[in-house]
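Enquirer: First to last, the sequence lines map onto chains B and C. The numbering of the first sequence is the numbering used here, which starts it at 1 and goes up by one. The numbering of the second sequence is the numbering used here, which starts it at 1 and goes up by one. Heads up, the beta-carbon is just placed ideally off N, CA and C, and yes, glycines get one too. The structure displayed is predicted, hence computed values, not measured ones.
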Amino acid sequence: MGRLNVRLCGIELDNPVIPASGTFGFGYEFAQLYDINCLGTFSFKGTTRERRFGNPTPRIAECTAGMINAVGLQNPGVDEVIGKELPQLKKVFHKPVMANISGFSLEEYREVAEKLEAVDQIGWLEVNISCPNVHGGGMTFGTQPDAAASVVKAVREVTKKPLIVKLSPNVTDIVAIAKSCEDAGADGISLINTLLGMRMDLRTKRPVIANVMGGFSGPAILPVALRMVYQVYAAVKIPVVGMGGVSSAEDVIEMMLCGATAVEVGAANLVNPFACRDIIRDLPAVMDRYGIDILEEIIGGGHLK
Amino acid sequence: MREETLQILEHREIAEKVYRLTLGGKVGALHPGTFVNLSLPGFFLRRPISVCDAEEDRLTLIYKVVGRGTESLSGMHKGELQVLLELGNGYDLSLAGDRPLLVGGGVGVPPLYMLAKRLVARGAHPTVILGFNRRSEIFLEEDFRALGCDVRVTTVDGSYGTKGFVTDAMKGLAYTFFYTCGPRPMLRAVYGAAESDGEFSFEERMGCGFGACMGCSCKTKDGYKRVCKEGPVFRKEEIVWDD
Chain B
1 MGRLNVRLCG
11 IELDNPVIPA
21 SGTFGFGYEF
31 AQLYDINCLG
41 TFSFKGTTRE
51 RRFGNPTPRI
61 AECTAGMINA
71 VGLQNPGVDE
81 VIGKELPQLK
91 KVFHKPVMAN
101 ISGFSLEEYR
111 EVAEKLEAVD
121 QIGWLEVNIS
131 CPNVHGGGMT
141 FGTQPDAAAS
151 VVKAVREVTK
161 KPLIVKLSPN
171 VTDIVAIAKS
181 CEDAGADGIS
191 LINTLLGMRM
201 DLRTKRPVIA
211 NVMGGFSGPA
221 ILPVALRMVY
231 QVYAAVKIPV
241 VGMGGVSSAE
251 DVIEMMLCGA
261 TAVEVGAANL
271 VNPFACRDII
281 RDLPAVMDRY
291 GIDILEEIIG
301 GGHLK
Chain C
1 MREETLQILE
11 HREIAEKVYR
21 LTLGGKVGAL
31 HPGTFVNLSL
41 PGFFLRRPIS
51 VCDAEEDRLT
61 LIYKVVGRGT
71 ESLSGMHKGE
81 LQVLLELGNG
91 YDLSLAGDRP
101 LLVGGGVGVP
111 PLYMLAKRLV
121 ARGAHPTVIL
131 GFNRRSEIFL
141 EEDFRALGCD
151 VRVTTVDGSY
161 GTKGFVTDAM
171 KGLAYTFFYT
181 CGPRPMLRAV
191 YGAAESDGEF
201 SFEERMGCGF
211 GACMGCSCKT
221 KDGYKRVCKE
231 GPVFRKEEIV
241 WDD
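#1: Since I believe glutamate 62 (chain B) is in contact with leucine 45 (chain C) (beta carbons under 8 Å), could you give me their beta-carbon distance rounded to a whole number of angstroms?
#2: Between leucine 89 (chain B) and chain C, is the shortest Cβ-Cβ distance under 8 Å, so that the two count as touching?
#3: Using a Cβ cut-off of 7 Å, pull out every chain B residue sitting near glutamate 204 (chain C), in sequence order please.
#4: Residues of chain B with CB closer than 9 Å to the CB of isoleucine 1 (chain C), please, in chain order.
#5: Which residue comes first and which comes last in the beta strand (DSSP E) that contains asparagine 128 (chain B)?
#6: Using CA coordinates, which residue listed in C:Ala169, C:Gly67 and C:Asp242 is at the minimum distance from alanine 193 (chain C)?
#7: Between B:Phe274, B:Asp14 and B:Ile129, which lies nearest to proline 169 (chain B) when the distance is taken from Cα to Cα?
#8: Where are the beta strand (DSSP E) runs, 3 residues long or more, that stay fully inside the stretch 64 to 88 of chain B, in chain order?
#9: Looking at C-alpha atoms only, which residue of C:Gln7, C:Pro41 and C:Leu61 is the closest neighbour of proline 48 (chain C)?
#10: Return the Cβ separation of valine 27 (chain C) and glutamate 56 (chain C) in integer angstroms, given the expectation that the two are a contact with Cβ distance under 8 Å.
#11: Answer yes or no: do arginine 49 (chain B) and glutamate 126 (chain B) have a C-beta to C-beta separation smaller than 8 Å?
#12: Could I get the ranges of all uninterrupted alpha helix (DSSP H) runs contained in the stretch 197 to 236 of chain C, with 4 residues as the minimum, in chain order?
#13: For a contact meaning CB atoms closer than 8 Å, what does leucine 45 (chain C) contact in chain B?
#14: Output yes or no for whether 8 Å exceeds the beta carbon distance between valine 190 (chain C) and threonine 167 (chain C).
#15: Count the other CB atoms, across all protein chains shown, that sit within 10 Å of the CB of tyrosine 316 (chain B); report buried if there are 16 or more and exposed otherwise.
#16: Suppose only complete runs of 3+ residues qualify. What are the beta strand (DSSP E) ranges in the stretch 112 to 143 of chain C, listed by chain order?
#17: In three-state terms, what does DSSP make of arginine 118 (chain B)?
#18: Taking Cβ positions, are valine 51 (chain C) and proline 111 (chain C) nearer each other than 8 Å?
#19: Could you tell me the distance, in whole angstroms, from the CA atom of alanine 178 (chain B) to the CA atom of threonine 172 (chain B)?
#20: Does the distance from the CB of tyrosine 34 (chain B) to the CB of glutamine 88 (chain B) come in under 8 Å?
#21: For alanine 212 (chain C), which residues in chain B fall below 8 Å Cβ to Cβ?
#22: What whole-angstrom Cβ distance do proline 284 (chain B) and serine 247 (chain B) have, given they're in contact under 8 Å?
#23: Starting from phenylalanine 177 (chain C), trace the beta strand (DSSP E) in both directions and tell me its first and last residue.
#24: If distances are taken between C-alpha atoms only, which option among B:Gly302, B:Glu111 and B:Glu297 comes closest to cysteine 258 (chain B)?
#25: According to DSSP, simplified to helix, strand and coil, what is methionine 98 (chain B)?
#26: Go to glutamine 7 (chain C), then tell me how far its beta strand (DSSP E) extends in each direction, as first and last residue.
#27: Considering aspartate 168 (chain C), what are the terminal residues of the alpha helix (DSSP H) in which it resides?
#28: For methionine 98 (chain B), which option in B:Thr194, B:Ser190 and B:Leu295 has the closest C-alpha, if you only look at C-alpha atoms?
#29: When you compare each of C:Tyr160, C:Cys208, C:Arg235 and C:Gly211 to lysine 221 (chain C) by their alpha carbons, which one comes out closest?
#30: For leucine 295 (chain B) versus leucine 8 (chain B), is the C-beta spacing smaller than 8 Å?
#31: Rounding to the nearest angstrom, what Cα-Cα distance links aspartate 187 (chain B) and valine 240 (chain B) in this structure?
#32: Say whether chain C places a C-beta atom closer than 8 Å to the C-beta of phenylalanine 53 (chain B).
#33: Hey, is glycine 207 (chain C)'s beta-carbon within less than 8 Å of any beta-carbon in chain B?
#34: Straight-line CA distance for tyrosine 179 (chain C) to glycine 106 (chain C)?
#35: For the beta strand (DSSP E) that phenylalanine 216 (chain B) lies in, which residues bound it at each end?
#36: Closer than 7 Å between beta carbons: that is the criterion. Which residues of the stretch 181 to 203 of chain C meet it against chain B?
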């Protein structure tokens, strides 16, 4: 086992670096730039039962040290993901991939999960109950402990794959929601999804984003993400996948000290398509600098006893 | 797609709020109608800018200052920039015929320059219509003439050339195919006025510029497409104007 290896819900990763859902598509754009098999894994574009176009444009706004997106779960639908995207991905990525799923009803979550259960290529299900950009689904399941648990139970019934629940930071008590998901049978918790935000266009005096609000991500949110990973790690026994503003090897180590077993990288991929490759390349030297021998040994190591 | 570090060789204002930026380094042969994505110090997202001209070791970009990012860029006179290139599909030169029409509006004019240059090199005789609001905004007129193109300029206020819109200058012209780039209302007017098939280059706020984030998706008759990846150039027959 190498210095960078970690074990996430029973599956060995060569390193803890995972491009986050919605910033890596189904991998091909990046596979043209570098060998994406250097990644721990990646979480593919959030998938729903039916094909979705998503929200009107503009969907993107720039912020200081970050960006807002309001894509709205554009995806080809689970059948096309299984029939077209995953067979194509198989040619360029030879590791188990993380399937990110979303829904507008318990039935939809269950149905999408059931279809993906049969695909060997998929290592984990990352159940998104935290998308801020869709109405009547997504985040509405992620803001109440009982509703979150009901999604976990619905998906649990149809999958034996490790089930990771992706939580929203737009809540009053993320720990209560994480514990509720753990009790309902989740194998892991990933956090944080984007923070709800908005910008105004001074020329038009209207919101920049057509959907008015969107999800704020990027380096600016790292401290919020670290705090929430720290809190959730202290409260649950299942592994935590940390994300939010990570863009360097140092950030990965900070996340792991807070309690992350693996670390997702989101917005950084969009401004530097080589971000994840660079982070993985930089990790050993940064570990040396801070006297870290084995990465897995530092998980949660930053907690005060 | 690749990332290159390019040196700022020359950078100056050539019309009202419009700058010509010449970069040196490993550029290579780029296709007309494609764009590059510049990383600006202090700004999170890159800035997508169309390719105006490209040679082996030299890239020319023309952009307008429209916000804080481009304003900051306009103040950079030396040093280097991180550039992702080349992005997007570009124009299909094989459709031109011998008398293509190129219609550009404002900051949509630059990508038509390299297109005209390549079309002339293939033996075509382009007619070029350049539309601006007023005289002080005009740029590249002489450059198109130097290529041997038949150039018509329109200004909305009539301070130079034909008074009116690019579509006023299109009346009565005979052409085999058209290529256009400019603000959305202009593209829509060209769509209505054109008497041949053609290609349109669209603009949209982008996240990544290389197809990963789905930030710039648009509807087409052929399904959903990404302006940055399957575009920015779309064929007339596939366009859906749903606003």
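Expert: According to the structure shown:
#1: For the purposes of this step, residue 45 (chain C) is taken as the residue at position 45 of the second sequence. For the purposes of this step, residue 62 (chain B) is taken as the residue at position 62 of the first sequence. Yes, leucine 45 (chain C) and glutamate 62 (chain B) are in contact; Cβ-Cβ is about 5 Å, under 8 Å.
#2: One-based indexing of the first sequence puts residue 89 (chain B) at position 89. Answer no: the Cβ-Cβ gap between leucine 89 (chain B) and chain C never drops below 8 Å.
#3: Counted from its first residue, the second sequence places residue 204 (chain C) at position 204. Chain B residues near glutamate 204 (chain C): Thr57.
#4: Within the second sequence, numbered from 1, the residue matching residue 1 (chain C) stands at position 1. According to the sequence shown, residue 1 (chain C) is methionine rather than isoleucine. By Cβ distance, chain B contributes Glu29, Gln32, Leu33 and Pro273.
#5: Numbered from its first residue, the first sequence carries residue 128 (chain B) at position 128. Residues 122 to 128.
#6: Numbered from 1 along the second sequence, position 193 holds the residue referred to as residue 193 (chain C). Taking only the C-alpha atoms, the option nearest alanine 193 (chain C) is C:Ala169.
#7: Within the first sequence, residue 169 (chain B) is the residue found at index 169, counting from 1. Of B:Phe274, B:Asp14 and B:Ile129, the residue nearest in Cα terms is B:Ile129.
#8: 66 to 69
#9: Counting from one through the second sequence, the residue named residue 48 (chain C) turns up at place 48. When each option's Cα is compared against that of proline 48 (chain C), the closest is C:Leu61.
#10: Walking along the second sequence from the start, residue 27 (chain C) turns up at place 27. Walking along the second sequence from the start, residue 56 (chain C) turns up at place 56. Sure, about 6 Å apart at Cβ, within 8 Å.
#11: Numbered from 1 along the first sequence, position 49 holds the residue referred to as residue 49 (chain B). Numbered from 1 along the first sequence, position 126 holds the residue referred to as residue 126 (chain B). It is not a contact, given that the beta carbons lie outside the stated cut-off.
#12: none
#13: Numbered from 1 along the second sequence, position 45 holds the residue referred to as residue 45 (chain C). Residues of chain B passing the Cβ test: Ile60, Glu62, Met67, Leu270 and Val271.
#14: For the purposes of this step, residue 190 (chain C) is taken as the residue at position 190 of the second sequence. For the purposes of this step, residue 167 (chain C) is taken as the residue at position 167 of the second sequence. Yes. Within cutoff.
#15: Summary: the structure shown does not reach residue 316 (chain B), with chain B confined to residues 1 through 305, and so no result is reported for it.
#16: 127 to 132
#17: As a first step, residue 118 (chain B) is located in the first sequence; it is residue number 118 there, counting from the start. Inspection of the sequence shows that residue 118 (chain B) is occupied by alanine rather than by arginine. DSSP places alanine 118 (chain B) in coil when its eight states are reduced to three.
#18: The residue you call residue 51 (chain C) lines up with position 51 of the second sequence. The residue you call residue 111 (chain C) lines up with position 111 of the second sequence. Yes; because the gap between Cβ atoms is below 8 Å, this pair is in contact.
#19: To locate residue 178 (chain B), count along the first sequence from 1; it is residue 178. To locate residue 172 (chain B), count along the first sequence from 1; it is residue 172. Distance between the alpha carbons of alanine 178 (chain B) and threonine 172 (chain B): 12 Å.
#20: Counting from one through the first sequence, the residue named residue 34 (chain B) turns up at place 34. Counting from one through the first sequence, the residue named residue 88 (chain B) turns up at place 88. The answer is no: Cβ separation not under 8 Å.
#21: The residue labelled residue 212 (chain C) in the question sits at position 212 within the second sequence. Result: Thr23, Phe24, Gly25, Glu29, Phe30, Asn269, Leu270 and Pro273.
#22: Position 284 of the first sequence, counted from the start, is the residue given in the question as residue 284 (chain B). Position 247 of the first sequence, counted from the start, is the residue given in the question as residue 247 (chain B). With 8 Å as the limit, proline 284 (chain B) and serine 247 (chain B) do not qualify as a contact, their Cβ atoms being about 18 Å apart.
#23: As a working mapping, residue 177 (chain C) is identified with position 177 in the second sequence. First-last of the beta strand (DSSP E) with phenylalanine 177 (chain C): 177 to 181.
#24: Stepping through the first sequence from its first residue, residue 258 (chain B) is reached at position 258. Ranking the options by Cα distance to cysteine 258 (chain B), first place goes to B:Gly302.
#25: For the purposes of this step, residue 98 (chain B) is identified with residue 98 of the first sequence, where counting begins at 1. Three-state DSSP puts methionine 98 (chain B) in a strand.
#26: Taking the first residue of the second sequence as position 1, residue 7 (chain C) is located at position 7. Start and end: 2 to 15.
#27: By one-based count along the second sequence, residue 168 (chain C) stands at place 168. Counting along the chain, the alpha helix (DSSP H) containing aspartate 168 (chain C) begins and ends at 166 to 170.
#28: Within the first sequence, numbered from 1, the residue matching residue 98 (chain B) stands at position 98. Among B:Thr194, B:Ser190 and B:Leu295, the Cα nearest to that of methionine 98 (chain B) is on B:Ser190.
#29: Translated into the one-based positions of the second sequence, residue 221 (chain C) becomes position 221. Taking only the C-alpha atoms, the option nearest lysine 221 (chain C) is C:Arg235.
#30: For the purposes of this step, residue 295 (chain B) is taken as the residue at position 295 of the first sequence. For the purposes of this step, residue 8 (chain B) is taken as the residue at position 8 of the first sequence. No. Outside cutoff.
#31: Locating residue 187 (chain B) in the first sequence gives position 187, where the first residue counts as 1. Locating residue 240 (chain B) in the first sequence gives position 240, where the first residue counts as 1. Answer to the nearest angstrom: the Cα atoms are 9 Å apart.
#32: Numbered from its first residue, the first sequence carries residue 53 (chain B) at position 53. Interface residue, yes.
#33: Sequence index remark: in the second sequence, residue 207 (chain C) carries index 207 (1-based). Output row for glycine 207 (chain C): interface = yes.
#34: Along the second sequence, read from residue 1 onward, the residue named residue 179 (chain C) stands at position 179. Along the second sequence, read from residue 1 onward, the residue named residue 106 (chain C) stands at position 106. Spanning the two alpha carbons is a distance of roughly 15 Å.
#35: Taking the first sequence and counting its residues from 1, one reaches residue 216 (chain B) at position 216. Counting along the chain, the beta strand (DSSP E) containing phenylalanine 216 (chain B) begins and ends at 214 to 217.
#36: none
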